[in-house]
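One structure is given here, and the rest of the page talks about it.
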Amino acid sequence: MPTKRTTAAAAAPATPKSLSSGPKTLTANSSVYEIAHHVWQQYLATTPQRTMLLDAFMAFLVLVGGTQFFYCVVAGNYPFNAFLSGFCAAVGQFVLTASLRMQTSSVSKGKAKDQVVGDGSVSHERAFADYIFGSLILHFFCINFIN
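For the sequence shown, the residue numbers in the UniProt record's numbering are 1 to 147.
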């Protein structure tokens, strides 16, 4: 006759373990790392790839502007026009990209493909054309400012 074995797992009711892909609730005692990790995971899960590409380009522009400013502080700003033109190009391109990101965000998804929609917003194609036109004007002035 086989012996009857009892285990703690069989005696205790099985509790379902939460999966890491499920929604995680943060408590008031959550660490800064847990909060940042949760925000990052939500960003990756809910943000469209096109918007992430714009965000990566904006991070690159911040890096470029910061590098130029750091170089100006450390090495001096002898050709001040060159520094000012390069820094203004980075800041101006950041502003134009932020404007493009706002106009093409998923909040305005589902709108008509006309040039101007009834509530005053523009189509994605028109927003990109405005972005290119503004970038050309910005860089024209920056190149002319260098001398």
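Just so it is clear, CB atoms sit at the ideal spot from N, CA and C, and this is done for glycine as well.
Test item: CB-CB of Ser135 and Gln93 under 8 Å: Contact flag set, yes.
Counted within 10 angstroms of its Cβ, other Cβ atoms place Thr67 as buried (16 or more) or exposed: Sixteen is the threshold: since fewer than 16 other Cβ atoms of the shown chains lie within 10 Å of the Cβ of Thr67, the residue is exposed.
Own chain, CB closer than 6 Å to Gln103, minus 5 neighbours either side, in chain order: Within the same chain, Gln103 has close Cβ partners Ala127.
Start-to-end residues for the alpha helix (DSSP H) that takes in Tyr71: That run of the alpha helix (DSSP H) goes 49 to 75.
Rounded C-alpha distance that separates Ala36 from Thr25: Cα atoms of Ala36 and Thr25: separation of roughly 13 Å, rounded to the nearest angstrom.
Residue range of the alpha helix (DSSP H) that includes Leu84: DSSP places Leu84 inside the alpha helix (DSSP H), whose first and last residues are 80 to 103.
Collapsed DSSP secondary structure at Leu138 in the structure displayed: Collapsing the DSSP output to three states places Leu138 in a helix.
Environment of Ser31 [buried if 16+ CB atoms lie within 10 Å]: That one is exposed.
Of the residues Ile143, Val64, Leu100, Val39, the one placed nearest Leu54, counting alpha carbons only: Nearest option by C-alpha distance: Leu100.
Neighbourhood of Phe87 by C-beta distance below 7 Å, restricted to the same chain and skipping five residues each side: Here the set comprises Gly65, Gln68, Phe69.
Limits of the alpha helix (DSSP H) - the one that Leu26 falls within: Unbroken run through Leu26: none, as it is neither H nor E.
From Glu125, Thr97, Leu84, Val62, residue whose alpha carbon lies closest to that of Ile143: Ranking Glu125, Thr97, Leu84, Val62 by CA distance to the CA of Ile143 puts Leu84 first.
Test item: CB-CB of Ser121 and Thr51 under 8 Å: Contact flag unset, no.
Nearest-angstrom Cα separation, counted from Val62 out to Ala75: Their backbone Cα atoms lie some 20 Å apart in a straight line.
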